[in-house]
Structures are given as C-alpha cells and as structure tokens.
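Novice:
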Amino acid sequence: MSALTAITLDLDGRRQTALAAPDATLLTLLREGLGNTGPKRGCNQGVCGACTVMIDGWPQRACLTLAAACADKRVETLEGLAEDPVMASLAKHFAEGGAVQCGFCTTGMLISARKLLEEDPKPSSERVRAALSGNLCRCTGYRKIVEAVQAAGQGLAQ
Amino acid sequence: MTAPDEGGAVGRSLPKLENLEKVSGRAEYIADLTRPRILHGALLGSPYAHARIKRISVEAALAAPGVVAVLTGADVGPGRMGPFIKDEGAIAQDKVRYLGEAVAAVAAETEAEARAACNLIEVDYEELPALLSPEEALAEGAPAIHEDLQSYTKIFDAGSEGNLCSRSCFEEGDVEAVWGDCDVIVEGAFTTQAQAHVAIEPCGAIAEVDRGGRVTLWSANQSVFRVQANVSECLSLPMSRLRCLTPLVGGGFGIKMEAHVQPIAVALAMKAGRPVKIILSREEDFEITRARHPFTVRMKTGAKQDGTLVARECEVVADCGAYADDSPGVLGYSLLMARGPYRIANVKCQGQLVYTNKLRFGAYRGFGNPQVTFAGEQQIDEIGQRLGLDPFEIRRRNMVRAGEPWFLGGNVASCGLADCLDTVAKKPPPLGPAPKGKRRGRGLAINAHISGLLGTGAIVRMLEDGSIVLNTGATDIGQGSDTVLAQICAEALKVPLSMVKVASPDTDGSPFNWGTTASRVTYTTGRAVIGAAKEVERQIKEQAGAILECAPDDLDLRPGGRIGVVGSDKELPFAAISGRAHWAAGGPIIGSHSLVFDGKTHDPKRGSVLGLPFPQIGVFSFIAVLVDIEVDEASGQITVLEAWNACDVGRAINPKLVEVQLEGGFVQGLGFALFEEMVWDGPRLANPSLMDYKIPTTLDTPLELHSFLIEEPEPDGPYGAKGVGEIGINAVPAAIANAAAAALGQRFRHLPLTGERVLDALMEDEG
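One line per chain: the protein sequences are A and B, in this order. The first sequence begins at 1 in the working numbering and counts up by one. The second sequence begins at 1001 in the working numbering and counts up by one.
1. Thinking S1504(B) and T1216(B) are a contact (beta carbons under 8 Å), I'd like their distance in whole angstroms, please.
2. Nearest-angstrom Cα distance between D1381(B) and R1298(B)?
3. Counting only runs that start and end within the segment 1205-1273 of chain B, where is the alpha helix (DSSP H) found for 4 or more residues in a row?
4. Count the other C-beta atoms from every protein chain shown that fall within 10 angstroms of the C-beta of A1585(B), then say buried if there are 16 or more, exposed otherwise.
5. Between the segment 1422-1430 of chain B and the segment 1726-1739 of chain B, do three or more beta carbon pairs fall short of 8 Å?
6. Are S1223(B) and M1257(B) closer than 8 Å when you measure CB to CB?
7. Are the segment 1100-1116 of chain B and the segment 1045-1052 of chain B touching, with three or more C-beta to C-beta distances below 8 Å?
8. Rounding to the nearest angstrom, what Cα-Cα distance links M1(A) and E1140(B) in this structure?
9. Got a sec? Which residues, its chain only, sit under 7 Å from C1489(B) by beta carbon, not counting five neighbours each side?
10. On the three-state DSSP scale, how would you describe V128(A)?
11. Skipping 5 residues on each side, what residues in its chain have a beta carbon closer than 6 Å to that of G1457(B)?
12. Go ahead and label R1401(B) buried or exposed: buried means 16 or more other beta carbons lie within 10 angstroms of its beta carbon, across all protein chains shown.
13. When you compare the CB of R1282(B) with every CB in chain A, is at least one pair closer than 8 Å?
14. Look at the alpha carbon of P1370(B) and the alpha carbon of C1234(B), and state the distance between them as a whole number of angstroms.
15. State the DSSP-derived secondary structure class of V47(A), mapped to helix, strand or coil.
16. With a threshold of 8 Å between beta carbons, is A1686(B) in contact with chain A?
17. Answer yes if the segment 1178-1197 of chain B comes into contact with the segment 1669-1684 of chain B, meaning at least three C-beta pairs across the two stretches below 8 Å, and no otherwise.
18. Pick from N1163(B), Q1539(B) and D1148(B): whose alpha carbon is nearest that of E1135(B)?
19. Counting contacts by CB-CB distance shorter than 8 Å, is A95(A) in contact with chain B?
20. Between the C-alpha atoms of A1741(B) and L1309(B), what's the straight-line distance to the nearest angstrom?
21. So with Cβ pairs under 8 Å, would you call L78(A) a contact of chain B?
22. For the alpha helix (DSSP H) containing G1526(B), list its first residue and its last residue.
23. To the nearest angstrom, report how far apart I1383(B) and T1701(B) are at their CA atoms.
24. Give me the Cα-Cα distance between M109(A) and G1204(B), rounded to the nearest whole angstrom.
25. Counting C-beta neighbours from all protein chains within 10 Å, is the total for W1644(B) 16 or more, i.e. buried, or is it exposed?
26. Within a Cβ cutoff of 6 Å, which residues of the same chain sit near R1386(B), ignoring the five residues on either side of it in sequence?
27. Exposed or buried, G1221(B), counting other C-beta atoms within 10 Å across all chains shown (16 or more means buried)?
28. Compile a chain-ordered list of the residues in the segment 1682-1707 of chain B whose CB is closer than 7 Å to at least one CB of chain A.
29. For chain A, check one thing: does any of its Cβ atoms lie closer than 8 Å to the Cβ of Y1125(B)?
30. Comparing the C-beta of N1019(B) with each C-beta of chain A, is any distance below 8 Å?
31. Are L1421(B) and A1624(B) close, meaning C-beta to C-beta below 8 Å?
32. Pull out every residue of the segment 1295-1314 of chain B whose Cβ sits closer than 8 Å to any Cβ of chain A, in chain order.
33. At the 8 Å Cβ level, is S1219(B) part of the contact set with chain A, yes or no?
34. Would V1627(B) pass as a contact of A1739(B) if the rule is Cβ separation under 8 Å?
35. Under 9 Å, CB to CB, which of the residues in the segment 1196-1218 of chain B have a partner in chain A?
36. Taking only beta-carbon atoms, is A18(A) less than 8 Å away from chain B?
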C-alpha cells in the first residue's frame, strides 16, 4: 500500500483533515475518513450520481474526484446545506411531493437540483430533466422529482 | 395540505415517516453502518461458468497485509438453502455453476486489502462444458449442472430431472377440442431478455458474532425472516442463533428478497472472530446476485367472430440460471397469469424451468407476469385487428368481472377493470400527426396482479403515555410501507399519525413477516395491523370500562387518543388507561394478530394442475396502460411521448405513494421494453456496469406520465386496499409493443424494442 497523506479541505464550512491514500477518491475520504455518509456509492464509476457533492460551487461526482485534488477546496454536502434556503425548499417539496422513495439517490439529486435552482428558480420541466439527467433513480419514475424541483423553485420565488 | 394530525389517516397523501432523514443526508443504509473492530470482506469469483474445484490454496492470501481470515467451501459444511429447492450453499463447494460465483472470501482490515488478497488465492479448476441456454442444457448428453439434484431437499417438487429444475402444467376446459370452433386464431413465439434490478443501493451485509456464538446480521434485505431462514439453512445454524436486522434499504425490486452476501458475511465473521462487512461493487451486484428470467413464450389464442375469446394455450421455457432460488414460483405464477384478466373457458399453460450456467434468475417486480403479458396482450390486439374490433372493445367483451373465477378457480372478489379501461379511454386527446421522419402510434394493454400471499403478523403496543409502537417485521424498501401501515394503525385507533411509531424489523422482536414481495405488504400485513389494533381497542375498552364503571360495549374511540362513553362527554385519554394497565391492573396493553392468506388458487372442479407452487394466492389488482409513442424512421428509436395508467387499487391508503409505485413501475417497464438487456459474451456478462447497462434517466421518460386511481374496495382488504407494488410494470412492454404495431404495421415479438431491432423491421418492410 502506498503511504497515506493528510488532506485538509473545507467541508461544509469547517476545515477538516483526514488521511487518504494517493488513489483514494473524495467519496472514500468523505465516507471513511470524515464520517460523512450523505454521499452514496451507487456505482463508483461516475454514472449514477448518488455521490454528487459541491466542489467550489459546482456539482461533481465524488467517486470520480481524487481526494488529493480537493486539498484546500470548498466541499459542500447535504449536511452543510441544512440552513440553505434553496435546499430547505427542495427538501420540503421532495419530502411532501412523493419525490423520495428509497432515498439512496436523493442526496445527489438534491445537490444537482439546488445548482439548477440557483441558476434558474423557475425552470421548465425540460430544463429540470436536462439538469437531473445524470442522477439515476430506480424508484420514482422521475415525474414527482421533476415536479418537486419546480415546486421548490416556485416556493422560493414567492 | 391538511396538517398531518388532523382528521383520519387513511386516504391522505402524508409524507413518508423517514423523509426528513432522507432529505437531510442522514439516512443510514448498510454501507453507512459500522461496528467496533470491523473487518471488510471481499469475494473471489470463479473465472469459469462451469467447473470442478480441484484445489484451493489460501496460504499466500492469509499472509498478505491486513488479512485476518479466508473462507472457502471447506469451511461451511453441507447445508443448502433455497425457497423451493435447497440447491445452493453459502459459497461454492466442489463445483462452480456460473461465472463470478464466489469460491473464496477474505476478511481484512480494509476493503482494498481484502480485494488484493483475493488475487493471491490459487484455485485449480477442471473446466466443464458451460450450458448457457435452456436448449443447450436440455440437449441429450449435456452434463448435469446439479449432479445431486435428486437428493436435494425440495419444499416444492414438480419432478426435477437432469437440468430440468421444475415444470408446471395448468389446464381448464379442453383447448384441443375447441380450436376448430374458433373463427380466428393467432399464434406466435415471443422472447424476453434478462433485466437487471439495479436498485441504486448495491447489496451488502454486516455480521457480528458474540462470545456465545450468537450472530447479529444487518443487511440490505426485503425480509429479515428470509435472511434468517437462508443463513440458518446453508450454515446449519439454529434460527434462534441468528438475529437479523435491517437499516434503511435503497430499493429492492426482488433482488434483496432471498440471500445475497449474508451467508458469506456470517461465515467469515465466525471464522475471523470479528465483525465483517461486505458491500458488493456495482459490477458484482450485476454479476452475482440475480436478475429477471429470460422467457421464451409460445402463445396461441382463438376467438369467435363476435370477439368472444374461446381458447388460449401458452408454453413457457424459462432460464433458471445456476440455482433454483424463486424460479419455480416465477414459472408457476407466470402460467397462472398467462390467461390474462379475461374470461376464457379453455386454457392450457405449461412451462419448463431449466438450469443453466448463468447467475441465478429470481424474483423481480412482476414475477413472470410482464413476460407472459408481453405475448398475451399483443395477441388480444391481433385478434381485435383481425375482427375489426378496436383494442378497447375486444377487451371489454372479454374482461373478467367481480365474482368470476380467475384461471384455475381463484376468487376475484373485487374488480375495477372496467373503470380502468374507461378512464384511459376517455383521458387522452386524439394522437396528433407525426412530424416528418417520425411515425406515431398508441397502444393499450391491461393486466392483473395478486397481493394476497403467505404469512404475516403485527404487534401494536400502547406505551405508558398512550403513544403507540407498531411492529410488523415488514421491511420498508423505500416504497413507503412503514408509513402506510402506520396510517392503517392510526386510522384503526383514531389517533394522529404522529402518535404511531414504527419499529424496525428484528427477528428477535418482530412478528414473522414473509417479506416485502408479491405486492403483499399493504394488503396482507395491513390486515394483521387492523387485527392487532382491534385487540388493543378491546383491551383499552375493558380498562376504560373498569375506570368509568360501564360495559366495554358502551365505549367508543374518540379522535386524538381518547375513549369515551357513547352519547356522553365522559372520556379518558389513552395515557390514563395505559398507565393503569402498566402499574395497577390488567397488564401492559399489547395487541397482536397474525394470519396466513388462505384463499385457494385452484378449484379442482375447474381444472387440473401439475406443479402449482402457490396453492393459496389471490386478491387481484387491475390496471390499464395506454401509451403514445413516436418512432424515429432514421434510427428506429422509440420515444414514449405520454402515458396513462389507471389502476384499481381497492383503496389508496396513501394516494401519492400509490401513484409513485405506478410511475416507478412504468419507467422500469419502459427500460425493459426499450433498451435494458443483460448481454453475455459467452459465459461472461458483457455489460455489468451502469456505463454499459443503461437504465432510464429523466430524458428517457415521458414528460406526461398520468396516474389514475380506481378504488373498488376489496371486501377483506384493510380499508378496502389491495397491492400495487408490481402491477405498474406488467403491462408496459405489451402496451409499447402494441403502440409500435400501430405506428409501424408490424408485430415485435422480441424484447427489447431497440432502435436496431425496429430499424431492421422497417428496412425489411421497405425491402
């Protein structure tokens, strides 16, 4: 095994340090090094989107991002976004709108949806679909997720 | 939306109980759990589909960094598991029967160390011919995949022989005698492909053994009781030595109903003397768990000039894969559903289930119903077309009604199918003209599915403060059964939903529940919840009667957790009653109820059966599915533009959760119909990743996906409810194929309807 190195990053507003192997992904660092299990490992290949987190303000796949490349970067997960008004509106509408089933895709789905609503609080359903096309859900059939994102945007606009 | 604490709980789209955990990133699934001193397990899979294991050398792996224990078939004894035929050990012994089957497992300090050590295990194999299709496996001279098949314990035995795992034959009337009476007969051979479940959470387990040898086992599952039974059987442990628990589960669809890695996790933990966690990679989840059975369906249907269906014959050959798992049940259930929701006097359905050297095929939403419905519902359209009857009319003339028997004689107590058909007939506007280079079509299919099956229980406890804990042992796999069962309990006791908490399934403390499968939890477990709540009501009335000095019959439940004297404002809160019960008289208030579904599948006066895997099954939900599709003439690609689902659910306990079952089922069916396919390159699965095995994304699903709930109450259902978990998928491939036939003037009898397949048909048509 290669030597572990200490990586320091800004996680949800706090500077945190953990040890990681040179080939460790951000997903492994978050889940195993820092105990943040919100991002999920669905495929470890960048397809399912369950591990989506914000890195310096952009939604990224934590499973495709090397932990070492995140040194000194700002990483946001759902846990750090609890007070964020956009996320609060999304969480409410997901929970009440039938958009949450097993929940395994939900954290990644919410991160992607938040970025969209920041850019466009009143997205068309086509725009929502495009923005969420990289987040797989096997339970809902997506309709209620798309509607929840639009309702969350409406809620913010009012 | 009214506040959750106002009014009755049933019939309202209340948010699911655990949603706050799930939208805050705090929800914990098996991969999120850990234990002190935990080790990580990894599996070594066979590179051959069929081979004898001559020798396994584990010394180098044992000496590798971080490794604590290595498990092989030599460690696990002769126990075998299986819901129908006990043909599967915890880990391969003597022989491997599919590529990827675990031959060894390593427990190490880290997952990386465990995986690295697997590569140091040396296995000598003697390769045997790989039998990769039912035809190859049934060919004369084919080697037996299970040499000891005859000696296996069989819960269900329909005459297994050679590589024939099971068979079934059901008959009513006399098909042979009536073909001559038919004015129109359609006949065809249909094939359906292997579909992967792709629950977004891969399978996993954590096992821990205490000093006394008792095992605690957490896993992604659809039934802690099936986990307990399977591990007990294959490791020859008394069931009472196993305590099986569940964290939240990230989807199931059938993949987590029977065992996956739980037996290996337990055996490794016993050997290592420390807790062991195994989480499958996505690739392993594809390669070594289970998938939907590929079917070949030969079907023949005949009708009179007026559209009356006279006869149907169906012959199924199902690929079982290497182990029987739920397959004998899938085969038998598919044949029971092959008549469709129609009155047909003469029906013969038979099938063979054949062992092959592929991963086991098993339970998957629909349980064989989508495969036979793909054939049957296309033939109804074909007959209608030949007779000049539109798809609605041919179905209306033949559909089953309440009070009429199901195929073989089961009781159809409620049936809202006519309303389902009328609803999807009225909703859509006429199909608009196709743009240049496209063609459009509209397709209909109808279907029925059961929800009454096997055993279940419920315990309702009233705590000292009058609040309620409901314990059913039913695993909520994300579909919302905890919420629905709590709603049923709250309604029965007239309390706000917030007063009912749901205990997590635990084989030590929960009543038996066969599982979250067969669309059964709302209907079957819901009945048990009402029974247990009634018992609580009886006990609190007895207590209140003693306090208020009146007969229990003179009391009634009041909304909000109170009980009062009929016609008076004299009343008591539950807390006062429960406090007295706990501390002074009568004892703690505990209501329990259990049942086994006992409706008969088969009436011997109606027909004959060989190999009936479920002698007590019933309670029918119904659905009509209408789709509009567009076909691109250049690529052959089919797009579903809009879809209408109308489903008779008896009573929607939580309408939004019912809708999302229908919508999720529709989209999983869309993937099955259009592009999902597990492809083998020889014995090796060629596309075990989400890169190569596509499931529908937001962009593949119709913008307009409509759900209509028809409520035709089931007489003995909880508040009239029946099941809805699977029915949403069953008719989708058939409806899309019927739409494709309408758009292109051709029948598609092979799934999936890929662009390539459609284009080939278009070019053939033009050529």
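Ideal Cβ positions, reconstructed from N, Cα and C, are used throughout, including at glycine.
Specialist: This is what the structure holds:
1. Contact flag wrong, Cβ pair sits at about 13 Å.
2. 16 Å
3. 1224-1234 and 1262-1272
4. exposed
5. no
6. yes
7. yes
8. At M1(A), the pLDDT of 49 sits below 50, so the modelled position is not reliable; the number obtained from the coordinates is stated separately. If you take the alpha carbons of M1(A) and E1140(B), they lie about 52 Å apart.
9. V1460, I1468, L1470, V1500, V1529 and A1533
10. helix
11. P1511, F1512, A1528 and S1594
12. exposed
13. yes
14. 32 Å
15. coil
16. no
17. yes
18. N1163(B)
19. yes
20. 21 Å
21. yes
22. G1526 to L1548
23. 30 Å
24. 23 Å
25. buried
26. V1184
27. Note on identity: in this sequence residue 1221(B) is Asn, with Gly being the wrong assignment. Flag for N1221(B) reads buried.
28. S1689, L1690, M1691, I1695, T1697, T1698, L1699, T1701, L1703 and L1705
29. no
30. yes
31. yes
32. none
33. no
34. yes
35. H1197, V1198, A1199, I1200, E1201 and P1202
36. no
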